[in-house]
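Notes to accompany the following structure.
2 protein chains.
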Amino acid sequence: MTGKTRVGEVGRTARKSRSGRTEATRKPGDERWAELLQVAAKTFADKGYSATTLQGIADELGMLKGSLYYYIRTKEDLLFELVRSVLVLAEERLAERVPDDGPAVDRLEVLVREHVIFLIEHLTETTVYLHEADQLTADRRAKLPVHGFIARLEKLVVDGKEDGTIRPDADPHLGALTILGAANWVYRWYRPGGNSSPEEIAEEIARMCRKSLEA
Amino acid sequence: MTGKTRVGEVGRTARKSRSGRTEATRKPGDERWAELLQVAAKTFADKGYSATTLQGIADELGMLKGSLYYYIRTKEDLLFELVRSVLVLAEERLAERVPDDGPAVDRLEVLVREHVIFLIEHLTETTVYLHEADQLTADRRAKLPVHGFIARLEKLVVDGKEDGTIRPDADPHLGALTILGAANWVYRWYRPGGNSSPEEIAEEIARMCRKSLEA
DNA sequence: CCTACCGATCGGTAGG
DNA sequence: CCTACCGATCGGTAGG
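Respectively, the protein sequence lines represent chains A and B.
Count the first sequence with this note's numbering and you get residues 67 to 281, in order.
Count the second sequence with this note's numbering and you get residues 67 to 281, in order.
Written as structure tokens, this is what we have:
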């Protein structure tokens, strides 16, 4: 309303002829695009994807609904982009913080802890992912950069049975799914300002997960 | 389509003057009402409450959309009734299957096991509850017969710390929430026809929850 | 339960 | 990004 940059038709043109272009599309690096994603994430997390209207998002941004189509082609673009980016970010984070060697049960504990910390630090986006991703059409869902988190957990259980740090009777698949539930459930109840810090919460959940499978 | 009972205006009248009436409202005990709930549950579980249209439900029932209003006043009635009834049923089930005495950690294990079995046996309805209940308006949500499941879990952890069957360093609140997540997460992945039976799944999850807190 | 209907809103578009 | 617009559909209602 006050000092917004006007670019006129540039964006639209850029989107239409996206093949051999020097000037970038408006999206990446643009401040307004980031705002749009932020508002969309908050609204999707609060009311759900389907109950969210583009009119509501536009209102919050102080623009007209039709103007949103300068940034997106469909409503689903917003959901997809949010889910995609949080997956990429999580992947990076876990890659740099979870070691590749050492006793499997230790690695599992670290993995769970870092997973929970990430979840809490990106609560809005992870909520959108965990609660709304199934609203994506099948073809869009197939294009998500899923990083096989369950497979990773399963492998840790298998490794742990081999290195003797995890109970021999543990079920890798069921175990992985249950650990995942214990960790992911955080998005259903965590709200800033509670008694425990994110680190304390992550620590406690990780400890419980460890104990649940430890030899 | 073939042998459906026609009652004409009776139902509508019955609904409008619900005060001092001998003849019951159409709803309770009516076969068609049960069908409606069933279709609604399946659709809400599959596509989400908000993405579900009354037109779609009516189509599946072979009636016109407007006719649904013979049974309901608003779309939310369907969601509320589904969530309400599954809560009541769960309460009953757990009351009759989980003992009130014995070592706390044992009771906790049984509680989790029965909870998971119930979840799986009523997967559609529990999915609606766990994934869609927050689509209810605040006042409707306040009218739900919530049976304090978390509080019950918390108390078991506290009891267990007293009777020595649960680790002294366990956090009752965090512990209860984490157990709840491990158990509830089942609705996100369980599908009939898998490798493990509901009982095996429930048994394994319950065991893990036990171990996660056991002294 | 059907007929017939409504206001509101939805996602989305053409053109600038 | 705005103007101006559209077809489709939404939940819901009056009356029988």
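Glycine included, C-beta positions come from ideal geometry on N, C-alpha and C.
Whole-angstrom C-beta distance between residue j and residue i, which should lie under 8 Å
i	j	result
A:V164	A:L177	5 Å
B:E175	B:C275	7 Å
A:L120	A:K141	6 Å
A:L189	A:V149	Their Cβ separation, rounded to whole angstroms, is 15 Å, which puts A:L189 and A:V149 out of contact at 8 Å.
A:W255	B:L243	6 Å
Within 8 Å, strictly: CB atoms of residue i and residue j
i	j	result
B:V223	B:G247	no
B:L144	B:A106	yes
A:I232	A:E280	yes
B:I183	B:A268	yes
B:L130	B:I123	no
B:A249	B:H181	yes
B:Y115	B:Q201	yes
B:T192	B:V152	yes
B:G103	B:E157	The residue asked about is misnamed: residue 103 of chain B is Leu in this sequence, not Gly. For B:L103 and B:E157, no; Cβs fall outside 8 Å.
A:A236	A:R179	no
A:S278	B:S278	yes
B:K226	B:V171	A small correction: the amino acid at residue 226 of chain B is Gly; Lys does not occupy that position in the sequence shown. Contact flag set, yes.
A:A229	A:P169	Here the sequence assigns Asp to residue 229 of chain A, which means Ala is not the residue at that position. Yes, the pair counts as a contact, with Cβ atoms nearer than the cut-off.
A:W99	B:W251	no
Range covered by the alpha helix (DSSP H) that runs through residue i
i	result
A:A161	141-163
B:A124	120-127
B:P264	264-279
B:N261	It is not in any alpha helix (DSSP H) - B:N261 carries neither H nor E in the DSSP assignment.
B:L185	170-187
B:I245	238-250
A:V223	215-229
A:D205	204-208
A:A106	97-113
8 Å Cβ cutoff, residue i in contact with chain A
i	result
B:Q121	no
B:T244	yes
B:M129	no
B:E270	yes
B:W251	yes
B:A117	yes
B:D167	no
B:D237	yes
B:G114	yes
B:Q201	yes
Min CB distance residue i to chain B below 8 Å
i	result
A:G241	yes
A:K221	no
A:K277	yes
A:N247	Reading off the sequence shown, one finds Gly at residue 247 of chain A, where the question assumed Asn. Cβ-Cβ to chain B under 8 Å: yes for A:G247.
A:I267	yes
A:W99	no
A:S263	no
A:G226	no
A:K82	Confidence is the limiting factor: at A:K82 the pLDDT is only 34, short of 50, which leaves the residue's position unreliable and the question unanswerable from this model.
Count the C-beta pairs between the region 209-228 of chain B and the region 202-221 of chain A that are closer than 8 Å, then say yes if the count reaches three, no if not.
-> no
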